[in-house]
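Take 4 as the starting number for the sequence shown in this note's numbering and just add one per residue.
A short worksheet on the structure shown next.
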Amino acid sequence: MQLFKTMTLKSQLTVGFSLMVAIIALVVFINIAQVRHAPELSHRITYIRTPTAKNSMIMLNGVKHALAALRGWMLLGQEKYKKERAQVWSQELHAPLLQMKKQALNWTQPENVTRLLQVEGILFKFEQFQQDIEDIAQTPDNTPALKMFFEQAVPLETHMSDNIIQMIEWEASEPASDERKAKK
4 MQLFKTMTLK
14 SQLTVGFSLM
24 VAIIALVVFI
34 NIAQVRHAPE
44 LSHRITYIRT
54 PTAKNSMIML
64 NGVKHALAAL
74 RGWMLLGQEK
84 YKKERAQVWS
94 QELHAPLLQM
104 KKQALNWTQP
114 ENVTRLLQVE
124 GILFKFEQFQ
134 QDIEDIAQTP
144 DNTPALKMFF
154 EQAVPLETHM
164 SDNIIQMIEW
174 EASEPASDER
184 KAKK
């Protein structure tokens, strides 16, 4: 600071102007360096990160869709839900996973590749669990109340109906008499 006070006005202006030019030159150099990285960053966002995020969202929605289709099959037992679930797995889960595995070759963070492998393992187990549930959901042994109804209640009801019909027929075939009149 003391040196600056001993300088002439011309020297002070020259030093000040030189510092301003140096600062501007430094800012311009930093901007140029950053602008050179912009196309690479733009390419990475456009061709790697955005498709990865899109496929991740498709897979997340696919998981929810597959669960909904499985619930439909479990509750209603309609074949369309089994077909819908199979379609969801092929289009909304397997296809995006395959795309993400291709994109993973260009990912810059190895821990994301590790996460993808973990997701793939979890997804495989999830698919197996869903298939197991689908296989047993509409079997008679899966619904004990219905099984008991069809194995015990329906035959008993049939037997009771037959007996009631026989009683009605027997009553109809008997002649009317004072003994058979309803008592008040």
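Where is the CB? At the ideal position from N, CA and C, for every residue including glycine.
Query                                                                                                                : Result
Where W92 sits in the DSSP three-state scheme                                                                        : helix
Terminal residues of the alpha helix (DSSP H) in which H97 lies                                                      : H97 -> no alpha helix (DSSP H), and no H or E assigned at all.
Residue range of the unbroken alpha helix (DSSP H) whose run includes P113                                           : 113-140
Residue span of the alpha helix (DSSP H) that contains F72, given as start and end                                   : Going by the sequence as given, residue 72 is Ala instead of Phe. From DSSP, the alpha helix (DSSP H) with A72 extends over 53-79.
Unbroken alpha helix (DSSP H) run spanning M23, endpoints                                                            : 12-47
Contact set for N99: own chain, Cβ-Cβ below 6 angstroms, skip 5 residues either direction                            : Residue identity check: residue 99 is Pro in the sequence provided, not Asn. Excluding sequence neighbours, P99 sits near N58, I61, M62.
Coil, strand or helix - W173 by DSSP                                                                                 : helix
Integer-rounded CB distance, given that E130 should sit under 8 angstroms from W76                                   : Between E130 and W76 the Cβ distance is about 15 angstroms, and since that is not below 8 angstroms, they are no contact.
Local Cβ density within 10 Å of R88, reported as buried at 16 or more and exposed below that                         : buried
For S164, the three-state DSSP class (helix, strand or coil)                                                         : helix
Sequence-distant residues of the same chain with beta carbon closer than 7 angstroms to D144, five excluded per side : K150
Q141 beta carbon less than 8 angstroms from that of G80                                                              : yes
Segment limits, alpha helix (DSSP H) that includes Q5                                                                : 5-9
Proximity winner among A56, Y84, T55, W173, relative to A69 (alpha-carbon distances)                                 : Y84
Closest Cα partner of K105 within the set W92, K8, T55                                                               : T55
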